[in-house]
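Just below is one structure, and these are the notes that go with it.
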Amino acid sequence: MVPLPAQGHLNQLLHLSRLVAARDIPVHYEAGEAHIRQARTRLHGWDPSSSPSIHFHPLTTPPFPNPTPIPNPNSPTIFPAHLILSLLYSMHVRQPVFELAQRLAPTARRLVVLYDSSIPYIVQDVPALPNAASYCFHSIAAFSVYSFHWEYTGKTKTTKLKNEASFIEQVPSAERCFPPEFAEVMQFQHNLLKFISGDIEAAFLDLLADEKSTGTGNVWVVGPFNPVSVSESKQSEERDASLKWLDK
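In case it helps, our numbering puts the sequence shown at residues 16 to 263.
As structure tokens, then:
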């Protein structure tokens, strides 16, 4: 597991680690030491120490310039600029990530590397190992992924876009959502997208696969990740219909 060092991304891949480890598959979670500590401390629903199949590997990141701009409250885009640093960090840990993959490859028949969609640069050397394969984990909604693809391809109309999903035309442009610095880093990083979550996004999952907008026709749905306990009390009958649906 190679997560982006931001809480929402660290957390998702750590929860996925639990699901994989539950099938007696060794999982190796690789991130900065501070980020591993953050992910473990903020985890809810289970104790990562309780799973002997999950191994944590702290990365040592060399010092590097931080050109991240100071947050500007008057900026036309409301974006957490400090996340740009999380993307830049990936350009400095490519070698240690590959070195760990080299050590692990001889110990297994098949080595699978799951990496965050924002940082494909890190794992570009993995295909050099004969028994290794890398898969991209996308933490955002299929709707978001397809809306970006739809915009970058000239907002082409498609007959496969169902009527109920036509509100994609109302989504703000990427230029209005992200600052130029972020767009530049993502342009450098972005190559592959694979994993999407969301049973409610079937229309967009089909479009992602049919149009190969992620670079491949192979798209898998995974989840839920977080352990959930459903109450059996009578009070649950008073819950909103949408919450009952989510409980299922």
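Ideal placement from N, C-alpha and C gives every residue a C-beta, glycine not left out.
- Looking at the DSSP output, Y150 bridges to L129.
- In the DSSP assignment, G60 falls outside any beta strand (DSSP E), carrying neither H nor E.
- In the DSSP assignment, G23 falls within the alpha helix (DSSP H) that extends over 22-36.
- Sorting M106, V160, R191 by C-alpha distance to the C-alpha of F152 places V160 at the top.
- CA-to-CA, the gap between T76 and P20 works out to about 12 Å.
- Listed in chain order, the non-local C-beta contacts of L25 below 7 Å within the same chain comprise P18, A46, H50, Q53, A54, local neighbours out to five positions each way being set aside.
- Approximately 15 Å separates the beta-carbon atoms of L129 and A120; this is outside 8 Å, ruling out the contact.
- As the crow flies, the alpha-carbon of N89 is around 36 Å from that of L74.
- When the five nearest sequence neighbours on each side are left out, no beta carbon in the same chain lies closer than 6 Å to the beta carbon of Q117.
- If you look at E45, you'll find it isn't in any alpha helix (DSSP H); it sits in the beta strand (DSSP E) that goes 42-47.
- In this structure, I183 lies away from S149, with their beta-carbon atoms at least 8 Å apart.
- Per DSSP, reduced to three states, the secondary structure at P78 is coil, with no helix or strand assignment.
- Bounds of any alpha helix (DSSP H) do not take in V237, whose DSSP letter is neither H nor E.
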